[in-house]
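In what follows, a structure is listed as structure tokens, so that the remarks can point back to it.
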Amino acid sequence: MLFIKDQSGDYLPAPKEIVFTEAKRLSSYQLRRGVRINSSDVAKAAVQNKIGNHECEMFACLFLDSAHRLLCFKEMFRGSVNCATVHPREVVKEALRLNAAAVILAHNHPSG
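The sequence shown begins at 436 in the numbering used here and counts up by one.
What follows is the structure in structure tokens.
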């Protein structure tokens, strides 16, 4: 259980909306430029809140430099409930534009 301190100094259970808002804020902090993505667990945590809760399929990329520091997180394609069309040439074009040394591909499964 997470608690928050109100103006009177009392601690109250945090509403679910506040917990989710704060989690998204912390997640976006994780995705700032220059963050090192050095394991699959770090990559998963970095993208889970960005694309995990959408109602449609999404395909996103983490573009990294040669030291595996984040250059850019970009949502590349959106689809329907159970599919998303991905054009590899667009991923390659963006990687070249950013001069990325590595790309991590990510997608969600909203239909389960």
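Ideal placement from N, C-alpha and C gives every residue a C-beta, glycine not left out.
Identified DSSP bridge partners for residue i
i: R513; result: M493
i: F508; result: L497
i: A541; result: A495
i: F438; result: P448
Own chain, CB closer than 8 Å to residue i, minus 5 neighbours either side, in chain order
i: H544; result: E492
Exposed unless 16 or more other CB atoms sit within 10 angstroms - verdict on residue i
i: I439; result: exposed
i: L505; result: buried
i: F494; result: buried
i: I486; result: buried
Sequence-distant residues of its chain with Cβ nearer than 7 Å to residue i (five each side left out)
i: K458; result: It should be noted that the sequence gives Ala, not Lys, for residue 458. The residues are N484.
i: L447; result: F438, I439 and D441
Whole-Å CB distance - residue i paired with residue j, under 8 Å assumed
i: L497; j: A481; result: 7 Å
i: S546; j: V516; result: 5 Å
i: A478; j: I539; result: 5 Å
i: H503; j: A537; result: 6 Å
Close beta carbons around residue i, own chain, < 6 Å, minus the five adjacent residues each side
i: L533; result: F498, L506 and C507
For the structure I just gave you, are there three or more beta carbon pairs, one from the segment 528–535 and one from the segment 491–509, closer than 8 Å? Result yes; three or more Cβ-Cβ pairs closer than 8 Å.
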